[in-house]
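First up is the structure itself, then whatever we jot down about it.
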Amino acid sequence: MIQTRFAATLMIAGLAGLPAQADAARSPLLAQPEQAQVQALEKALASAPPALKADVAAALPTLRPYIATLMCVQDDRATQGLVEKFVGSRGTAMFNGWAGAMSPAKRMRHHDMSGCVTVTRIQNWKRVAANEFRFDILFTAEDSGESYLWNNVVHKEPDGTWLIA
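Numbering (this note's numbering), first residue to last: 3 to 167.
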């Protein structure tokens, strides 16, 4: 299904160095996006307003693998590495005690989990602070027509790393 080296790099390279996610990327925990889904993700990320473009570009090493994982989760164990690698201390409360719906696809009743959902668009970009911005991702399941709006806040840590808040 992944038809280009770029697509493979998007899914695997961003997850390399994180054993749980790297293993998930090679196992049934993550589906593999189609080339059109990878292109849709890149187009959506490029939609950031001019005032946020520099910060979004700096956050891409976090955003690409984070969103790609959300797109393709088949099993909640695939999200375990997200907390460790991409979620800052302020965001861990969101993941504490989660009960199995840590992806947009898992919240869709009729989507076939063997495939990825598509990023239809990223919207509502907003700067929250000098070191923080927010946006919403609209995910759509091509097979069922369902959609889910996923809210995100990204925070720049003191060391310059961008993490999900």
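No residue lacks a Cβ here, since even glycine has one placed at the ideal position from N, Cα and C.
Asked, Found
"C-alpha distance - residue 94 paired with residue 167, whole-angstrom precision", "For residue 94, the predicted model reports a pLDDT of 49, less than 50, meaning its position is unreliable and no value from the coordinates is stated."
"Alpha helix (DSSP H) segments (min. 4 residues) lying fully within the stretch 34–78", "37–47, 55–74"
"With 16 other Cβ atoms within 10 Å as the buried cut-off, status of residue 158", "buried"
"Coil, strand or helix - residue 111 by DSSP", "coil"
"Residues that DSSP places opposite residue 131 in a beta bridge", "134"
"Own chain residues within Cβ distance below 6 Å of residue 153, not counting five before or after", "138"
"Where residue 125 falls, given that 16 or more other Cβ within 10 Å makes a residue buried", "exposed"
"Opposing strand residues paired with residue 165 [DSSP bridges]", "157"
"Per DSSP, the bridge partner or partners of residue 141", "121, 150"
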